[in-house]
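Q: Below is a structure I'd like to ask you about.
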Ligand code: DX5
Ligand code: ZN
């Protein structure tokens, strides 16, 4: 897969979400990153299925839905029906990881598996053959605007070499504290898909900010 930029709408103006989402293609974004949080898996509550359904009308870009919720398997079909193109679940959420990944596949869309900073790559490598993307969190899930954890670069390197050695067809996504510097470091380590919230939505010129990540 080539480089993809996935702006996180968590940093957009929630009262004008349709407008924000409709501009992303012109700004050069590839995907739209949607952070779903339930206040149980992580310490924040954002939005759910109705928001995915609502923004679906405002863009043709793939909706990259990051589920930071417990029991994600219960909601996969409904997120897919609402218009998600990629659904990422967390290894640490309760529920059967493999079953959830299979459910995403049977909904006919792409899947992602995410790991929090404290989870080692070793723990999840057995699931890689069942997913299209590995999301390595570079902050603790919950909020935009946090600082990129440089220690995660080693995890990215480790995942990248495992993927290459085993000839797996999967891409590495990074999420949290991504800007033009940390995206370059992550790319060097092996990441190809870059989520960015604050860096893009707080930029004076969103188009050049997207370009600077690419
Ligand atoms: C954090 C979310 C991220 C967040 C990224 O839990 O998963 O997608 O919005 O925001 P920035 O780029 O501001 O760190
Ligand atoms: Zn995210």
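Residue numbers (this note's numbering): 15 to 228. Yeah, the Cβ is synthetic: ideal placement off N, Cα and C, and Gly gets one too.
Along the chain, where does the beta strand (DSSP E) containing residue 100 start, and where does it finish?
A: Sequence index remark: in the chain shown, residue 100 carries index 86 (1-based). Taken as a continuous stretch (DSSP letters only), the beta strand (DSSP E) holding residue 100 covers 100 to 104.
Q: Pick out the complete alpha helix (DSSP H) segments inside the segment 101 to 136, 4 residues or longer, and give them in chain order.
A: Those alpha helix (DSSP H) runs which fall completely within the segment 101 to 136 and span 4+ residues are 111 to 120.
Q: For residue 107, verify whether its CB is less than 7 Å away from any heavy atom of the ligand ZN.
A: Start at 1 with the first residue of the chain shown, and residue 107 comes out as number 93. Checking every heavy atom of the ligand ZN against the Cβ of residue 107, none is found closer than 7 Å.
Q: Would you be able to state if there are at least three C-beta pairs under 8 Å between the segment 158 to 171 and the segment 219 to 228?
A: Touching, no, given that fewer than three Cβ pairs across the two stretches are closer than 8 Å.
Q: How long is the line joining the alpha carbons of residue 79 and residue 134, rounded to whole angstroms?
A: Residue numbering aside, residue 79 sits at position 65 when the chain shown is read from its first letter. Residue numbering aside, residue 134 sits at position 120 when the chain shown is read from its first letter. One C-alpha to the other measures close to 23 Å.
Q: Could you name the residues of the same chain whose beta carbon sits closer than 7 Å to that of residue 59, not counting the 5 residues immediately before and after it, in chain order?
A: As a first step, residue 59 is located in the chain shown; it is residue number 45 there, counting from the start. If we look at residue 59 and ignore the five residues flanking it on each side, its Cβ neighbours are 51, 52 and 53.
Q: Would DSSP call residue 224 helix, strand or coil?
A: Here the question's residue 224 lines up with position 210 in the chain shown. Residue 224: helix per DSSP, three-state reduction.
Q: Can you pull the DSSP bridge partners for residue 77?
A: Position 63 of the chain shown, counted from the start, is the residue given in the question as residue 77. 46.
Q: Please identify the residue among 214, 120 and 154 whose C-alpha is closest to the C-alpha of residue 21.
A: Taking the chain shown and counting its residues from 1, the one referred to as residue 21 is at position 7. Nearest C-alpha to residue 21: 214.
Q: For the alpha helix (DSSP H) that contains residue 38, what are its first and last residues?
A: Here residue 38 is taken as the residue at index 24 of the chain shown, counted from 1. No alpha helix (DSSP H) holds residue 38; DSSP gives it neither H nor E.
Q: Should residue 64 go down as buried or exposed, given a rule of 16 or more other Cβ atoms within 10 Å for buried?
A: Counting from 1 along the chain shown, the entry for residue 64 is found at position 50. Residue 64 is exposed by the Cβ-count criterion.
Q: Rounded to the nearest angstrom, what separates residue 123 and residue 164 at their Cα positions?
A: Reading the chain shown from its first residue, position 109 is the one you call residue 123. Reading the chain shown from its first residue, position 150 is the one you call residue 164. So the alpha carbons of these two residues sit roughly 31 Å apart.
Q: So the alpha helix (DSSP H) residue 169 belongs to, where does it begin and stop?
A: Reading the chain shown from its first residue, position 155 is the one you call residue 169. First-last of the alpha helix (DSSP H) with residue 169: 166 to 179.
Q: Do you know how far the Cα of residue 61 is from the Cα of residue 38?
A: In the chain shown, counting from the first residue as 1, residue 38 sits at position 24. In the chain shown, counting from the first residue as 1, residue 61 sits at position 47. Between residue 38 and residue 61, the C-alpha separation is close to 19 Å.
Q: Taking C-alpha atoms, which residue in 145, 144, 132 and 142 lies nearest to residue 151?
A: Along the chain shown, read from residue 1 onward, the residue named residue 151 stands at position 137. Comparing Cα positions, the closest option is 132.
Q: Where residue 199 and residue 167 are concerned, what is the direct C-alpha to C-alpha distance, given to the nearest angstrom?
A: For the purposes of this step, residue 199 is taken as the residue at position 185 of the chain shown. For the purposes of this step, residue 167 is taken as the residue at position 153 of the chain shown. The alpha-carbon atoms of residue 199 and residue 167 are separated by roughly 8 Å.
Q: Three-state secondary structure (DSSP) at residue 52?
A: Locating residue 52 in the chain shown gives position 38, counting from the first residue. In this structure, residue 52 counts as strand in the three-state DSSP scheme.
Q: By the 10 Å Cβ neighbour count, where 16 or more other Cβ atoms means buried, how is residue 175 classified, buried or exposed?
A: To locate residue 175, count along the chain shown from 1; it is residue 161. Exposed, because fewer than 16 other Cβ atoms sit within 10 Å of the Cβ of residue 175.
Q: Which residue marks the beginning of the beta strand (DSSP E) containing residue 149, and which one marks its end?
A: Against the chain shown, residue 149 aligns to sequence position 135. Note, residue 149: beta strand (DSSP E), 147 to 151.
Q: Any residue with its C-beta under 6 Å from a non-hydrogen atom of the ligand ZN counts. Can you list them all in chain order?
A: Result: 22, 47, 49, 80, 189 and 209.
Q: Taking DSSP's pairing of strands, which residues face residue 18 in a bridge?
A: Locating residue 18 in the chain shown gives position 4, where the first residue counts as 1. BP columns for residue 18 point to 207.
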